[in-house]
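In terms of the working numbering, the sequence shown opens at residue 21 and continues consecutively.
Quick reminder that beta carbons are idealized off the backbone N, C-alpha and C, glycines included.
Please read all numbers here as calculations on a predicted model, not as lab measurements.
Structure first, then comments.
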Amino acid sequence: MKPGDARAADRRRMVDEQLVHRGIRDARVLAAMSGLAREMFVPAALAALAYDDRALPVAQGQTISQPWMVARMLELAELEPVHRVLEIGTGTGYQTALLALLAAEVCSVERLPALASAAARRLETLGLPGRLRLHVGDGSLGWREFAPYARVVAAAAAPVVPRALLDQLADGGLLVIPVGGAELQRLEVWRRTGTRFDRAAYGDCSFVPMIGSGAWAEEPPHN
Ligand code: SAH
21 MKPGDARAAD RRRMVDEQLV HRGIRDARVL AAMSGLAREM FVPAALAALA YDDRALPVAQ
81 GQTISQPWMV ARMLELAELE PVHRVLEIGT GTGYQTALLA LLAAEVCSVE RLPALASAAA
141 RRLETLGLPG RLRLHVGDGS LGWREFAPYA RVVAAAAAPV VPRALLDQLA DGGLLVIPVG
201 GAELQRLEVW RRTGTRFDRA AYGDCSFVPM IGSGAWAEEP PHN
């Protein structure tokens, strides 16, 4: 246990009970999540809940995803240390930090400036191995400047898969994205082979909406 790592036991329990026992097998994902202090990314008042088995509210009406869902997305992304990854929805920066532990380069886009700058401050203090680029903008359009990406991971849900995210995938690349309605979506994985795209679906999930010109035009109606 690192000095001052008061929540190491909570973190170990989270990895065992929520991830390993529920089928997460990717050893690199498990190692990254075992080593990263999630309490750094949640509001101070919720630090005691940082390892709970659920999403938590963060600033600006957004959420930090449930640990299991983060692990599932990272596992489905089949990340390799050489990859350049595009992330849509930096949010708190928790998943961004994990991506920077698992891949060579992370380009992350966040729509809300206040979240992006708070995430940038946190990520700076961590001294992560992967190269990190953060951008404030509409991630439903991808981030053309650094395309193509070996992997694209979207942490916000779209009504249909944004065309730009498929276009910016490298040949052989994978896109992991929640697709569906405002409340409930399916986690989808798209694989690009040349000009062909194959889709697989992996169960239900519930993410905040991706708001932008390639996704929801504004907050979707809640029923
Ligand atoms: N994985 C993040 C959770 C992010 S929640 C974490 O661990 O904290 C989803 C984020 O996507 C929110 O911060 C939201 O503001 C952002 N978002 C929504 N639409 C977006 C868009 N079009 N482009 C970029 N970010 C977007």
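Checklist entry - Along the chain, which unbroken stretches of the beta strand (DSSP E) at least 3 residues long are found entirely within the stretch 202-230? => result 205-213 and 216-225
Item to check | Span of the beta strand (DSSP E) around Gly-55 | outcome: If you number the sequence shown from 1, residue 55 lands on position 35. Note, Gly-55: premise wrong, no beta strand (DSSP E); alpha helix (DSSP H) at 47-55.
Next on the checklist: Is it the case that the stretch 154-166 contacts the stretch 208-219, given that we only count it when at least three CB pairs across the two stretches are under 8 angstroms?
Outcome noted: no
Item to check | Per-residue burial, His-103 [other beta carbons within 10 Å of its own, 16 or more giving buried] | outcome: The sequence position of residue 103 within the sequence shown is 83, counting from 1. Buried, since its Cβ has 16 or more Cβ neighbours within 10 Å.
Item to check | Integer-rounded CB distance, given that Ser-128 should sit under 8 angstroms from Thr-110 | outcome: On the sequence shown, residue 110 is found 90 positions in, with the first residue counted as 1. On the sequence shown, residue 128 is found 108 positions in, with the first residue counted as 1. The pair is a contact, with the Cβ atoms about 4 angstroms apart (cut-off 8 angstroms).
Checklist entry - If you draw a straight line from the C-alpha of Ala-123 to the C-alpha of Arg-151, how long is it? => result Walking along the sequence shown from the start, residue 123 turns up at place 103. Walking along the sequence shown from the start, residue 151 turns up at place 131. Taking the straight line joining both Cα atoms gives about 9 angstroms.
Next on the checklist: Measuring straight from C-alpha to C-alpha, what distance separates Ile-84 and Thr-112?
Outcome noted: On the sequence shown, position 64 is the one that residue 84 refers to. On the sequence shown, position 92 is the one that residue 112 refers to. Distance between the alpha carbons of Ile-84 and Thr-112 is about 7 angstroms.
Checklist entry - Taking one C-beta from the stretch 74-81 and one from the stretch 90-104 each time, how about it: are there three or more such pairs within less than 8 angstroms? => result no
Checklist entry - Candidates Leu-56, Asp-224, Leu-185 and Glu-165: which alpha carbon is nearest Arg-92's? => result Within the sequence shown, numbered from 1, the residue matching residue 92 stands at position 72. Ranking the options by Cα distance to Arg-92, first place goes to Asp-224.
Item to check | DSSP state of Tyr-114 mapped onto helix, strand, coil | outcome: The count along the sequence shown starts at 1 and reaches residue 114 at position 94. It is helical.
Checklist entry - Taking C-beta to C-beta, are Ile-108 and Ala-174 nearer than 7 angstroms? => result As a first step, residue 108 is located in the sequence shown; it is residue number 88 there, counting from the start. As a first step, residue 174 is located in the sequence shown; it is residue number 154 there, counting from the start. Yes, the Cβ-Cβ distance between Ile-108 and Ala-174 is below 7 angstroms.
Next on the checklist: Under 6 angstroms, CB to any heavy atom of ligand 1. Which residues pass, going along the chain?
Outcome noted: Gln-82, Thr-83, Ile-84, Ser-85, Ile-108, Gly-109, Gly-111, Thr-112, Tyr-114, Gln-115, Val-129, Glu-130, Arg-131, Leu-132, Leu-135, Asp-158, Gly-159, Ser-160, Ala-175, Ala-176, Val-228, Met-230, Ile-231, Gly-232 and Ala-235
Checklist entry - What residue range is occupied by the uninterrupted alpha helix (DSSP H) comprising Asp-158? => result Within the sequence shown, residue 158 is the residue found at index 138, counting from 1. Where Asp-158 is concerned, there is no enclosing alpha helix (DSSP H), given that its DSSP letter is neither H nor E.
Next on the checklist: So for Val-90, helix, strand or coil by DSSP?
Outcome noted: Residue numbering aside, residue 90 sits at position 70 when the sequence shown is read from its first letter. Helix, per DSSP.
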